[in-house]
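One rule links them: number in our numbering = place in the sequence shown (from 1) + 30.
Where a beta carbon is used, it is the ideal one built from N, C-alpha and C, also for glycine.
Model, not experiment: these values are computed from the prediction.
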Amino acid sequence: MGLLDKHKAYNEAYKAIRDMGADPFNVRFEAVLSPSEGIVNGRPTILLGTNNYLGLTFDESCIEASQEAVRLHGTGTTGSRIANGSFGGHVELEQAIARFFGRRAAMTFTTGYQANLGILSTLVGRGDHLLLDADSHASLYDGARLGHAEVIRFRHNDPDDLRKRLQRLKGQPGKRLIVAEGIYSMLGDTAPLKEIVDVKKEMDAYLLVDEAHSLGVLGDKGRGLAEAEGVEADVDVVVGTFSKSLGAIGGFCVSDMDDFEVMRVVCRPYMFTASLPPSVVASTLQALRRMESDPALRQRLTANAQKLYQGLQAMGFELGPHCSPIIAVALPDQPLALTVWKALLDKGVYLNLALPPATPDARPLLRSSVSVAHTDQQLDQVLRAFGEVGEAFGLVAKSRQRASARG
Ligand code: PMP
31 MGLLDKHKAY NEAYKAIRDM GADPFNVRFE AVLSPSEGIV NGRPTILLGT NNYLGLTFDE
91 SCIEASQEAV RLHGTGTTGS RIANGSFGGH VELEQAIARF FGRRAAMTFT TGYQANLGIL
151 STLVGRGDHL LLDADSHASL YDGARLGHAE VIRFRHNDPD DLRKRLQRLK GQPGKRLIVA
211 EGIYSMLGDT APLKEIVDVK KEMDAYLLVD EAHSLGVLGD KGRGLAEAEG VEADVDVVVG
271 TFSKSLGAIG GFCVSDMDDF EVMRVVCRPY MFTASLPPSV VASTLQALRR MESDPALRQR
331 LTANAQKLYQ GLQAMGFELG PHCSPIIAVA LPDQPLALTV WKALLDKGVY LNLALPPATP
391 DARPLLRSSV SVAHTDQQLD QVLRAFGEVG EAFGLVAKSR QRASARG
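Right under this line is the structure:
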């Protein structure tokens, strides 16, 4: 009997996957050549599973800012901000994020995951009620577990179900906090935020939106779904990450709530971990400036997403309901999904394999994340590869595949 015995089922499933000759959960890039290209298994490979929406990981000005910061301030902070102090860059970054979102206060975290752990576990507590969309990211579920509020799941993107669940709480004391995401990380669909705001107002609740995947992607200024839907004033708290559009790592929370500063001394995932290193703070600040000053990045990203989504749709693949830079192809079963994932990798296309229980409605997904850095030729190559494997494994009809390849 060993400590890991309780993971026996996962162990066997993972072994079975590796026995098929591929390990989708441990892919090694021998080199990363650009935001859209790497070397995998000795082969040039299109990187289509990175969340590098604006391609800023190789932006010259971000790299320079990062290099300068490491020389000036060192490689790390070696401690938490409450115990070991803030660097100037931390404060500057928080001010920049608050200004960008037009909010009074901002707080940064070492990862987006920790931002969600910290914010969810601190905003609501014992006697309160946390209403989570069923498809919420693991970090939101984990944040809910770290706190002591009652957790109530509502059906994915279903404001009526949310309303019903809030109505059942009638007469009970405690605050209600609704949690939704701008773009959902698995299927790439957006939340019906206007309707959720209507429910929030009707039921006297608070609303938190995780804009992790929608920052830099949606809205005129790139502030996310709430901006795109014109409901920012009705969102009480926004959380997000620096690890996707901004090309680095880190998380944030912005709000107009009074006394928000108290969060710094009650939020454990902020207090008890080392703060962001100076190089990351500097590149993130510069990426934010790049994102603000170059809206064309966002427009080209949307065009790239549309090209891939429409191309795959025309071939007959089953996709998520909305076109966004996250494009997920649903497959009927796990062995086929693994085979198709590997066949695409062998054709020089790397994307993510997502397996149940991490996926909605228990189906495996091949998940792409499109970047502005993808060229037309790369997207054509991706579509050709999908067409070939789709045909080889009977996923799409031949005629549709040819029609879509023509045009
Ligand atoms: N929120 C959502 C919706 C996410 O998809 C993710 C990561 N994929 C996170 C938070 C966590 O962000 P990070 O990876 O930057 O810690």
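Could you pull out every residue in the same chain whose Cβ sits closer than 8 Å to the Cβ of proline 189, ignoring the five residues on either side in sequence? Annotation for proline 189: Pro222, Glu225, Ile226, Asp228 and Val229 place their beta carbon closer than 8 Å to its own, counting only its chain and skipping 5 residues before and after.
Inter-residue spacing [alpha-carbon to alpha-carbon] between leucine 33 and alanine 168: 24 Å
Taking the alpha-carbon positions, what's the isoleucine 76 to valine 419 distance? 16 Å
My understanding is that arginine 320 touches leucine 86, with C-beta atoms under 8 Å, so please give their C-beta distance in whole angstroms. 6 Å
Would you kindly work out how many angstroms separate the C-alpha atoms of glutamine 364 and leucine 383, rounded to a whole number? 10 Å
Note down, in chain order, each residue of its chain lying with its Cβ closer than 7 Å to the Cβ of phenylalanine 126, except the 5 sequence neighbours on either side. Just to set this straight, residue 126 is alanine in the shown sequence, not phenylalanine. Taken in chain order, the residues that qualify are Leu315 and Leu318.
Could you have a look at asparagine 114 and say whether DSSP puts it in helix, strand or coil? helix
Cβ-Cβ separation, alanine 235 to leucine 196 (assumed contact under 8 Å), whole Å: 6 Å
Any heavy atom of the ligand PMP closer than 7 Å to the beta-carbon of alanine 242? Yes, the ligand PMP has a heavy atom inside 7 Å of this Cβ.
Name the DSSP bridge partner or partners of tyrosine 236? Leu207
Let me know if valine 296 comes out buried or exposed under the rule of 16 or more other beta-carbons within 10 Å of its beta-carbon. Flag for valine 296 reads exposed.
Between the Cα of leucine 84 and those of Val379, Leu409 and Val247, spot the shortest distance and give me the residue it belongs to. Answer by Cα proximity: Val247.
Suppose you measure from the CA of phenylalanine 347 to the CA of valine 426; what does that come to, to the nearest Å? Valine 426 has its alpha-carbon roughly 7 Å from the corresponding atom of phenylalanine 347.
For the segment 56-66 against the segment 401-409, are there 3 or more C-beta pairs whose distance is under 8 Å? yes
From methionine 137 to glutamate 257, what distance separates their C-alpha atoms? Their Cα atoms are separated by approximately 20 Å.
Would you kindly check if the distance between the Cβ of alanine 335 and the Cβ of leucine 395 is under 8 Å? no
Where does the unbroken beta strand (DSSP E) through histidine 159 begin, and where does it stop? 159-163
Complete runs of the beta strand (DSSP E) confined to the segment 272-303 [at least 3 residues]: 281-285
What number of angstroms, rounded off, separates the C-alpha of arginine 139 from the C-alpha of serine 313? Note that residue 139 is phenylalanine in the sequence shown here, rather than arginine. Their backbone Cα atoms lie some 15 Å apart in a straight line.
Does DSSP put asparagine 382 in a helix, a strand or coil? strand
Taking only the alpha-carbon atoms, compute the straight-line gap between histidine 37 and methionine 31 and give it to the nearest angstrom. 12 Å
Considering only the alpha carbon of each residue, which of Leu237, Ala360, Asn187 and Thr369 lies closest to threonine 220? Asn187
Can you tell me which residues form a DSSP beta bridge with methionine 137? Cys283
Using a 10 Å radius around the Cβ and a threshold of 16 neighbouring Cβ atoms, would you call lysine 274 buried or exposed? Residue burial is scored here from C-beta neighbours: lysine 274 has at least 16 other C-beta atoms within 10 angstroms and is therefore classed as buried.
Spell out the partners DSSP gives glutamine 180 in its beta bridges. Contrary to the premise, residue 180 reads as glutamate rather than glutamine in this sequence. The partner list for glutamate 180 (beta bridge, DSSP) reads His159.
Consult DSSP for glycine 270 and reduce its assignment to one of helix, strand or coil. strand
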